[in-house]
Amino acid sequence: MNIPINLFTWIMAFLPIIVLLILMIKFNWGATEAAPVGLLITIVTGLFFFKANIRLIAAESAKGVWNALVILIIVWTAILMYQVGDEAKAFLVIRNGMRKLLPNELLLVLAMGWIFESFLQGITGFGVPVAVGAPLLIGIGVKPLWAVIIPLLGQAWGNTFGTLGAAWDSLAMSAGFAAGTKEYLVTALWTSAFIWFWVAIGGFATCWFYGKGKALKKGFPAVALMAVIQGGGELLLSQVNTTICCFVPACVSLIVILLLGRTKLYNQEWSIADSPIMNREFEEQADGGERLPDMSLVQAFVPYFLLSALTLIVLLVKPINALLGQVSFGLSFPETSTGYGYVNAAVERFSPFTPFTHASMFLFVSAIVGLIYYKSHGWIGEGGVKRIFVKSVSMTMPSGIAVIGLVIMSKIMDGTGQTVVLANGIASVMGKVYVILAPFVGLLGTFMTGSNMSSNILFGGFQMTTANLLKVNASAILGAQSAGGAIGSAVSPSKIILGTTTAGILGKEGEVLKKIIALTVPATIVIGVILYALVAL
Amino acid sequence: MEINNAEKKSFFKTKAGGLTIAFIVIMVAFVIIMAGLGSGNDSVCLVGFIIMVGAMLYSPITTFIIKPKG
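If you're matching them up, the sequences are chains L and R in order.
For the numbering used here, add 227 to where a residue sits in the first sequence, where the first one is 1.
For the numbering used here, add 112 to where a residue sits in the second sequence, where the first one is 1.
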C-alpha cells in the first residue's frame, strides 16, 4: 500500500464522517437524509483522492447492500415481533404487570430500559434490544425520544461479549490470540474491566435522566448492585468462558431486579411527578382508554421466552448448531485495487448468511409462534394478521435507506483505504498520547460500521500494531478498543434508527445522537486517560 | 378493489412509500452491479452504481430540495 498518509489525505478520509455528524447533530437531519450525503462524499473522496476505480466502488457498494440486507432482515423481524405484541395489546399487559411487580417507577424504568436490554443483548444483539426495548418503554409511559436513548445506553455494555461473544471472538481473531492462552485471558480481563466502568455509567445515567440527584440517590443501591452483578460477573466469567460471560450475568441481573422490587427499599409506589423523561398525559390516556385483554404477564411474555429458549438452544447446543449451520450462502467478489495499490482480495463467499442460526430466524419464529398463540386465545382479532404484516413492512422500509447508505459508506471507506489512513494518521501524529484515543478509535469503528464486531475486525489489527510500535501493553490497548467499540454501539446511527423506527419518531436520529454523544465520548476519553496512566506513563 | 387501489396510491405518495420504491430500485441496482462484476463488465457496474446512487439520494432531494421545510 502506497497511500500517502498526510494531513490532506487524513482530512479527506475524515470528511464523510464529520459531514455526517454535522448534518445529524447540528442540522438535525435524519439518518435517511444524512447517510446518502455522507455516502456521496465518500464516493467522491474515494474516486478522486484515493484513486479508486468504478469497479472497486461498485463492488464495495454491493458488499454494503448485502451486509445491509442481513441487518434489515433483523430489523423487519424485530418490528414484526413488536407488531404482534402491539396488536394483541401485550405491551399494555407487560406495562401493568411490571408495574405491579415493580411499584417503584425508577426501578421499572431501569428494569425495562437497562436490564431487559442487557438480557436481549446477551443472546441476540444486532440492534434487537433497541428495536424491542423502545416500544416497551413507551408502553410504561417513557417519552419516545428517551425510550430510544435509554435502551441504546443500556445495551451497549453487552456488545463485546454479548451475542454469545461474537465481537470478542473477532477481536481475538484479529489479534491472533488462541482461546485460553495467557494473552487471550489478559485481554479479556482488560476488556471486561473497561466495560464494567460503562455498565455503571449506563445505570447511573438512566437515574440522572429520570430525576437528577433525587433519582440518583434513590436508584444508587439498585444500580450499584446491578453494576456489580453485570460488570463484575462478566469480568470473573471472562476468565472461565467468554461465550456466556455476558449472558449469564445479564440473566442473573434480570432475576435480581425483580427480587429487588420486593425489598423494603423499592416495594412501595415511588415516582418523580415531573420527571423529564416521562409522558404523564400518555399514562392517563393509556390508563383510561384501552381495554386490557384477559392475558397474564407470563402469557404476554411468551414470544420473548421462546426467543430466549430458541436462541440458547440453537447457539449453545453444538450438534443442533452444526446441523442448522450447514445451510449458508454468500456472494463472490473479484479482487479490486486502488491506484495506490490498496488491494481488496477476491472472496469466494463474502459474509455468508446462515439463515437457520441467524438472529432474524429466532425473531421470526418467535413472532409467528407468538402470533398463533395470541390468535388462538382470541387476542388478535379479524384483520389483525394483515395489519401486523403491513405495519411491519411499512416501518422497516424507511430505515432501510439509512442502513444501506451507512453500511455502503463504511465499506467504501474501508475498501479505498480511507479507514486505514484515518487510524494511521492519528497514531503517527500523536505518539504515546494515542493511547488516550485508543478507545475512541473503537467507538469510531462502531459508529461507522454499526457493529462492535466490525469495529474489532476493522481496527483490532491496527490497534495491536500501534501498541507494539509504541511499546505499550497490547492487551490493554485491545481491551480499550473493544470497550470503546461497545460504547460506540450507543451512537451508531444504524442502531439509533432501529429505535426511532419502532418508537415512531423516524427522523429524530440527530436529537438522539446529540444527547448520547455527550455521554459516550467523554466516557471513552476517561477510559483512555486511565489507560494512559496505567500503561504509558 | 377500488379502496385497495386508493390505499396503494396514497401509500406510494407518502414518504414511506417513496422510500419503499427507492429501496426496490436499490435492490435492482444491486442485481445489475453483481451481474457486471460477474461478467467483468465495468459499464454494467457503472449503470447499476449510478441507479443505486440516484435512489439513495431520493430522500435528501425530496426533503430539502423539492419539498423544503418552512
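For each residue, glycine too, the CB sits at the ideal point set by N, CA and C.
Given a cut-off of 9 Å, decide if L/Thr565 and L/Leu283 are closer than it, judged by their beta-carbon atoms. For the purposes of this step, residue 283 of chain L is identified with residue 56 of the first sequence, where counting begins at 1. For the purposes of this step, residue 565 of chain L is identified with residue 338 of the first sequence, where counting begins at 1. Yes, Cβ-Cβ distance for L/Leu283 and L/Thr565 is below 9 Å.
Output yes or no for whether 9 Å exceeds the beta carbon distance between L/Gly381 and L/Cys473. The residue you call residue 381 of chain L lines up with position 154 of the first sequence. The residue you call residue 473 of chain L lines up with position 246 of the first sequence. It is not a contact, given that the beta carbons lie outside the stated cut-off.
Go ahead and pull the three-state DSSP assignment for L/Phe276. Here residue 276 of chain L refers to the residue found at position 49 of the first sequence. The answer is coil: DSSP assigns L/Phe276 none of H, G, I, E or B.
Checking contacts by CB at 9 Å: is R/Asn117 closer than that to chain L? On the second sequence, position 5 is the one that residue 117 of chain R refers to. A caution first: R/Asn117 carries a pLDDT of 48, below 50, which makes its placement in the model too unreliable to give a value.
Start and end residues, beta strand (DSSP E) containing L/Phe577: Here the question's residue 577 of chain L lines up with position 350 in the first sequence. Run containing L/Phe577: Val574 to Phe580, per the beta strand (DSSP E) assignment.
Taking the alpha-carbon of L/Ala573 as reference, which of L/Ile301, L/Asp396, L/Ser559 and L/Pro520 has the nearest alpha-carbon? Numbered from 1 along the first sequence, position 346 holds the residue referred to as residue 573 of chain L. Of the candidates L/Ile301, L/Asp396, L/Ser559 and L/Pro520, the one whose C-alpha sits nearest the C-alpha of L/Ala573 is L/Ser559.
Within 10 angstroms of its Cβ, does L/Asp521 collect 16 or more other Cβ (buried), or is it exposed? Here residue 521 of chain L corresponds to residue number 294 of the first sequence, with the count starting at 1. Classification of L/Asp521: exposed, given that the 10 Å Cβ count is below 16.
Exposed or buried, L/Ile639, counting other C-beta atoms within 10 Å across all chains shown (16 or more means buried)? Locating residue 639 of chain L in the first sequence gives position 412, counting from the first residue. Buried.
Measuring alpha carbon to alpha carbon, tell me which of L/Leu234, L/Ala258, L/Thr408 and L/Phe686 ends up nearest L/Ile704. For the purposes of this step, residue 704 of chain L is taken as residue 477 along the first sequence, with counting starting at 1. For L/Ile704, the closest of L/Leu234, L/Ala258, L/Thr408 and L/Phe686 by C-alpha to C-alpha distance is L/Phe686.
Counting only beta-carbon atoms, is L/Ala262 nearer than 9 Å to chain R? Residue mapping note: residue 262 of chain L aligns to position 35 of the first sequence, counting from 1. With respect to chain R, the C-beta atom of L/Ala262 has a partner C-beta closer than 9 Å.
Are the segment 642-650 of chain L and the segment 271-283 of chain L touching by the rule of at least three beta carbon pairs closer than 8 Å? Taking 8 Å as the limit for Cβ pairs, the verdict is that the segment 271-283 of chain L does touch the segment 642-650 of chain L.
Spell out whether any CB of chain R is found under 9 Å from the CB atom of L/Pro561. By one-based count along the first sequence, residue 561 of chain L stands at place 334. Yes - at least one Cβ of chain R is within 9 Å of the one on L/Pro561.
Nearest-angstrom Cα distance between L/Leu463 and L/Met675? Counting from one through the first sequence, the residue named residue 463 of chain L turns up at place 236. Counting from one through the first sequence, the residue named residue 675 of chain L turns up at place 448. Near 31 Å, if we compare the C-alpha coordinates of L/Met675 and L/Leu463.
Can you pull the DSSP bridge partners for L/Asn331? In the first sequence, counting from the first residue as 1, residue 331 of chain L sits at position 104. DSSP output for L/Asn331 lists L/Trp497 as bridge partner(s).
Alpha helix (DSSP H) runs contained entirely in the segment 389-416 of chain L, provided each spans 4 or more residues: Listed in chain order, they are 389-402.
Considering only the alpha carbon of each residue, which of L/Glu508, L/Val264 and L/Gly360 lies closest to R/Val165? Within the second sequence, the letter at position 53 stands for residue 165 of chain R. Ranking L/Glu508, L/Val264 and L/Gly360 by Cα distance to R/Val165 puts L/Val264 first.
Our contact map puts L/Val292 next to R/Phe142 with C-beta atoms below 8 Å; I'd like the distance itself, whole angstroms only. Position 65 of the first sequence, counted from the first residue, corresponds to residue 292 of chain L. Position 30 of the second sequence, counted from the first residue, corresponds to residue 142 of chain R. Confirmed, Cβ separation roughly 4 Å.
In chain order, what residues of the same chain lie with their CB nearer than 6 Å to the CB of L/Ala317, ignoring the 5 residues before and after it? Locating residue 317 of chain L in the first sequence gives position 90, where the first residue counts as 1. Hits under 6 Å: Ala527.
Using 9 Å as the threshold, is the C-beta distance between L/Leu398 and L/Thr387 below it? For this step, residue 398 of chain L is matched to residue 171 along the first sequence. For this step, residue 387 of chain L is matched to residue 160 along the first sequence. With contacts defined as CB atoms closer than 9 Å, L/Leu398 and L/Thr387 qualify as a contacting pair.
Selected residue, minimal CA-CA separation from L/Met505, among L/Ile628, L/Gly340 and L/Ala549: Taking the first sequence and counting its residues from 1, one reaches residue 505 of chain L at position 278. Comparing Cα positions, the closest option is L/Gly340.
Beta-carbon separation of L/Ser603 and L/Trp417 under 9 Å? Numbered from 1 along the first sequence, position 376 holds the residue referred to as residue 603 of chain L. Numbered from 1 along the first sequence, position 190 holds the residue referred to as residue 417 of chain L. Going by C-beta atoms, L/Ser603 is not nearer than 9 Å to L/Trp417.
Measure from the alpha carbon of L/Ala586 to the alpha carbon of each residue in L/Ala406, L/Ile471, L/Gly349 and L/Thr729, then state which is nearest. Along the first sequence, read from residue 1 onward, the residue named residue 586 of chain L stands at position 359. For L/Ala586, the closest alpha carbon among the candidates L/Ala406, L/Ile471, L/Gly349 and L/Thr729 is that of L/Gly349.
Closest residue to L/Val554 among L/Glu260, L/Ile422, L/Gln690 and L/Met588 (Cα-Cα distance): To locate residue 554 of chain L, count along the first sequence from 1; it is residue 327. That would be L/Met588, whose Cα lies nearest to the Cα of L/Val554.
Roughly how many angstroms lie between the CA atoms of L/Val455 and L/Val475, to the nearest whole one? For this step, residue 455 of chain L is matched to residue 228 along the first sequence. For this step, residue 475 of chain L is matched to residue 248 along the first sequence. L/Val455 and L/Val475 have their C-alpha atoms spaced approximately 13 Å apart.
Using alpha carbons as the reference points, say which of L/Gly257, L/Asn233 and L/Glu508 lies closest to L/Leu733. To locate residue 733 of chain L, count along the first sequence from 1; it is residue 506. With distances taken between Cα atoms, L/Leu733 lies closest to L/Gly257.
Would L/Thr673 and L/Ser716 qualify as a contact pair, given that the criterion is a beta-carbon distance under 9 Å? Here residue 673 of chain L refers to the residue found at position 446 when the first sequence is read from its first residue. Here residue 716 of chain L refers to the residue found at position 489 when the first sequence is read from its first residue. In this structure, L/Thr673 sits near L/Ser716, with a CB-CB distance shorter than 9 Å.
Please list, in chain order, all residues of the same chain as L/Ile301 whose beta carbon is under 6 Å from its beta carbon, the five residues on each side excluded. Taking the first sequence and counting its residues from 1, the one referred to as residue 301 of chain L is at position 74. The answer, listed in chain order, is Phe353, Ala586 and Ser587.
Check whether L/Ala710 and L/Gln690 have beta carbons under 9 Å apart: As a first step, residue 710 of chain L must be located in the first sequence, where it is residue number 483. As a first step, residue 690 of chain L must be located in the first sequence, where it is residue number 463. No.
In chain R, what lies closer than 7 Å to L/Ser621 by C-beta? Position 394 of the first sequence, counting from 1, holds the residue named residue 621 of chain L. By Cβ distance, chain R contributes Ala128.
Buried or exposed: where does L/Leu234 fall if 16 or more other Cβ atoms within 10 Å of its Cβ makes it buried? Looking up residue 234 of chain L in the first sequence gives position 7. L/Leu234 is exposed by the Cβ-count criterion.
I think L/Val699 touches L/Val762, with their Cβ atoms under 8 Å apart; what is that distance to the nearest whole Å? Position 472 of the first sequence, counting from 1, holds the residue named residue 699 of chain L. Position 535 of the first sequence, counting from 1, holds the residue named residue 762 of chain L. Indeed, because the Cβ distance is near 5 Å, the residues count as touching under 8 Å.
Please determine, among L/Thr236, L/Trp423, L/Leu319 and L/Val297, the residue with the shortest C-alpha to C-alpha distance to L/Pro579. The count along the first sequence starts at 1 and reaches residue 579 of chain L at position 352. For L/Pro579, the nearest C-alpha among the options comes from L/Val297.
Within 9 Å (strictly less), CB to CB, does L/Val612 reach chain R? Translated into the one-based positions of the first sequence, residue 612 of chain L becomes position 385. No, L/Val612 lies away from the interface with chain R (no Cβ there is under 9 Å from its Cβ).
I want to verify the contact list: residues of chain R whose CB lies under 7 Å from the CB of L/Ala286, in sequence order. Residue mapping note: residue 286 of chain L aligns to position 59 of the first sequence, counting from 1. Residues of chain R passing the Cβ test: Leu149.
List the DSSP bridge partners of L/Phe560. Here residue 560 of chain L is taken as the residue at index 333 of the first sequence, counted from 1. Under DSSP, L/Phe560 forms a beta bridge with L/Val574.
Hey, out of L/Phe254, L/Leu452 and L/Ala536, whose CA is closest to L/Val479's CA? The residue given as residue 479 of chain L occupies position 252 in the first sequence. L/Val479 has its Cα closest to that of L/Leu452, out of L/Phe254, L/Leu452 and L/Ala536.
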